[in-house]
Structure formats: structure tokens, C-alpha cells
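K.L.:
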Ligand SMILES: Nc1ncnc2c1ncn2[C@@H]1O[C@H](COP(=O)(O)OP(=O)(O)OP(=O)(O)O)[C@@H](O)[C@H]1O
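In my numbering, the protein residues as written are 116 to 418.
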């Protein structure tokens with residue numbers, strides 16, 4: 116299907132100041148994000164944050180009030196042919212088989228009979244291709260929706276809350292499918308979710324959106340560093356304590372955050388910092404280890 120024709124650094128989707136206003140409501144407010152080839156980009160936000168509006172605007176389903184969205188480096192709407200999407204619930208003909216559904220949609224998006232069989236196998240519906248879609252579980256319907264989105268060999272798949280409402284087994288199936296398509300077929304993803312932990316296992320980059328605004332864009336690695344274990348120290352004289360502790364740790368690993376001294380990337384016994392400070396005549400009134408789950412980080416960001 117799709118080969119890795121472009122290097123990992125190539126930009127697949129880039130928005131610049133994308134906005135969508137409904138009257139006075141700013142559903143999307145000046146959002147600029149970049150998705151590179153090979154990314155699984157997690158767009159994270161609470162209900163009503165603007166995720167669907169963002170995706171629809173990128174897809175041209177909703178007209179932007181201002182700003183631009185480039186697909187594969189161009190504003191040309193023809194490039195939307197390189198994008199597959201599953202927005203909200205999949206539009207499926209329940210009375211028809213999975214295969215017939217794909218056949219109908221292949222007339223719009225392209226794809227031969229061989230492509231249809233291959234895609235059905237890819238999404239794990241190869242053995243139920245002749246079964247009516249109305250008999251499918253929610254997870255199977257989602258997979259059929261993804262199969263439809265895969266018609267036409269897209270380079271980018273946009274999935275709006277694909278895991279919403281699924282049971283743990285269904286969630287795992289969709290996650291495994293996304294990883295397979297990304298690693299083996301070279302598909303880049305933009306996926307929305309209101310739960311960070313759902314994408315925490317697969318996303319390579321995150322955009323946090325709230326009230327239509329992008330709060331932060333971070334890579335999975337940066338997010339992991341933010342959440343990893345830290346030592347928190349509080350004293351009556353934090354400046355002097357900071358100067359003393361700085362002599363013992365890498366300067367990149369020590370910061371003043373929220374009025375405390377924070378030391379990251381540190382597996383040392385925390386008692387040694389107490390000993391050092393006391394030896395310098397500084398009484399320690401706070402000393403503990405802290406780590407954050409992805410969900411705690413998300414809640415801290417969006418409230
Ligand atoms: N056609 C519309 N007319 C007016 N307001 C709209 C329209 N579409 C969306 N909105 C508003 O824009 C805001 C963002 O909605 P959007 O559906 O993009 O959020 P979301 O993050 O996808 O949330 P959810 O997960 O609940 O779908 C909401 O306040 C919504 O009510």
C-alpha cells in the first residue's frame with residue numbers, strides 16, 4: 116500500500132493560525148500545528164474543546180474563518196485525496212456486507228477488488244467480509260470505518276475519537292491496527308481523544324487543545340520527561356539551597372518550579388540532599404519524590 120516515500124522529517128499536515136468562528140463562538144482560535152511523516156499525532160482535549168472542528172476544517176468539510184491548512188506542503192484541495200478520515204461515527208450501510216460497503220465507497224475514493232480484499236484483511240475483517248455490517252460490534256464498525264478511510268491509499272489518516280465507547284478488547288484492536296498501519300504501511304495519523312491515557316501508548320506527538328486554542332505541542336519523549344520522577348525540595352532560603360544543590364547535579368536537571376526546587380532525571384536517595392543542606396546550615400521543610408501520570412499532566416494543562 117503506502118511506502119515510506121518521504122523522510123520522517125517531511126511535513127504531511129501544517130496549519131497556520133487556523134480559526135473557525137460560529138457567530139461570536141471561537142470554536143477554533145488561531146491553531147498552528149505540524150504533523151510530520153510517520154507521526155501518530157494525538158489531538159487531546161475535553162468535550163467541546165474544538166477537536167472535531169479542527170479536523171473538519173483541515174478536511175475542508177467546514178470553511179475556515181481565517182488561517183491555512185497545507186496538506187503535503189500545498190494548499191491545493193486536490194491533496195485532500197491523500198487524506199482518509201473517520202469523523203464522528205462511520206457512515207456505513209448496515210444492510211450491506213462489509214465488502215459491499217467498501218465496493219460502494221471505492222467508487223468515490225478509488226480502489227480495486229484486490230484492494231478491498233487486502234484492506235479487509237488489514238483491518239481484521241477478512242473472514243467476515245460477507246456479513247452484514249448491522250451484525251457487527253462497535254469495534255468491528257470502527258474497523259470497517261477505518262477500512263473505508265483507507266481506500267485510495269491515503270498518506271494521512273484522520274480519526275476522530277476512534278476509541279470512544281469501545282471495551283478494553285476493542286480499544287486494543289484499534290490501537291494495534293493503528294500501530295500496524297503506521298509501522299508497516301507508513302501511514303501518518305492525526306487522532307483525537309478526550310483521554311490522554313488512551314493515546315499514551317501509541318502517540319509520538321501531542322497537541323493539547325482547550326476552548327479552541329492550542330495550549331501546547333509536545334513530543335511523546337518531551338511529555339515522558341515532564342511526567343517522570345522528580346525530587347521536590349523546599350527550604351526557607353531556596354536561592355541559597357539552589358546554589359548549593361546546583362554544585363551536585365547537572366545544571367539542566369535543576370529548576371525553580373512553583374516556588375520549589377525540582378531535580379529531574381534523578382534516581383538518587385533523596386536523603387542525601389537533606390544531609391547536604393543541613394551541613395550548610397539550611398533547614399529543609401519539604402523533600403519528596405513526585406511523578407505524574409499522563410492523565411494528571413493533561414488535567415493540570417486543561418483544568
Ligand atoms: N456547526 C456549529 N455551530 C455552532 N457551534 C458549533 C458548531 N460545531 C461546533 N460548534 C461548537 O464548537 C465547539 C467545539 O466543538 P467540537 O465538536 O469541535 O469539539 P470537540 O472537541 O470535538 O468535542 P466532542 O468531543 O464533544 O465532539 C463547541 O462549543 C461546539 O458547540
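Yeah, the Cβ is synthetic: ideal placement off N, Cα and C, and Gly gets one too.
#1: Tell whether a beta-carbon distance below 8 Å holds between residue 159 and residue 322.
#2: Would you kindly check if the distance between the Cβ of residue 189 and the Cβ of residue 248 is under 8 Å?
#3: Can you say whether residue 374 is buried or exposed, counting buried as having 16 or more other CB atoms within 10 angstroms of its CB?
#4: Near residue 208, what residues of its chain come up, given a Cβ to Cβ distance below 6 Å and the 5 sequence neighbours on each side ignored?
#5: By DSSP, does residue 185 sit in helix, in strand, or in coil?
#6: Let me see if you follow: with CB-CB separation under 8 Å, is residue 302 close to chain D or not?
#7: How would you call residue 219, buried or exposed, if buried means at least 16 neighbouring beta carbons within 10 angstroms?
#8: Measure the alpha-carbon distance for residue 243 versus residue 347 and round it to whole angstroms.
#9: Can you tell me whether residue 306 is helix, strand or coil according to DSSP?
#10: What span of residues does the alpha helix (DSSP H) with residue 242 cover, start to end?
#11: Starting from residue 393, trace the alpha helix (DSSP H) both ways and give me its first and last residue.
#12: Taking the straight line between their C-alpha atoms, what separation do you get for residue 286 and residue 278?
#13: Would you please state the rounded distance, in angstroms, between the beta carbons of residue 376 and residue 357? I believe it to be under 8 Å.
#14: Where are the alpha helix (DSSP H) runs, 4 residues long or more, that stay fully inside the region 318-359, in chain order?
P.N.:
Taking the structure as given:
#1: yes
#2: no
#3: By the Cβ-count criterion, residue 374 is exposed, with fewer than 16 other Cβ atoms from all chains shown falling within 10 Å of its own Cβ.
#4: Cβ within range, chain order: 216.
#5: strand
#6: Absent here is chain D; the protein component of the structure consists of one chain.
#7: exposed
#8: 55 Å
#9: Residue 306 falls in the strand class under three-state DSSP.
#10: Segment: none, residue 242 is in no alpha helix (DSSP H) and carries neither H nor E.
#11: Counting along the chain, the unbroken alpha helix (DSSP H) around residue 393 starts and ends at 386-394.
#12: 6 Å
#13: 5 Å
#14: 335-342
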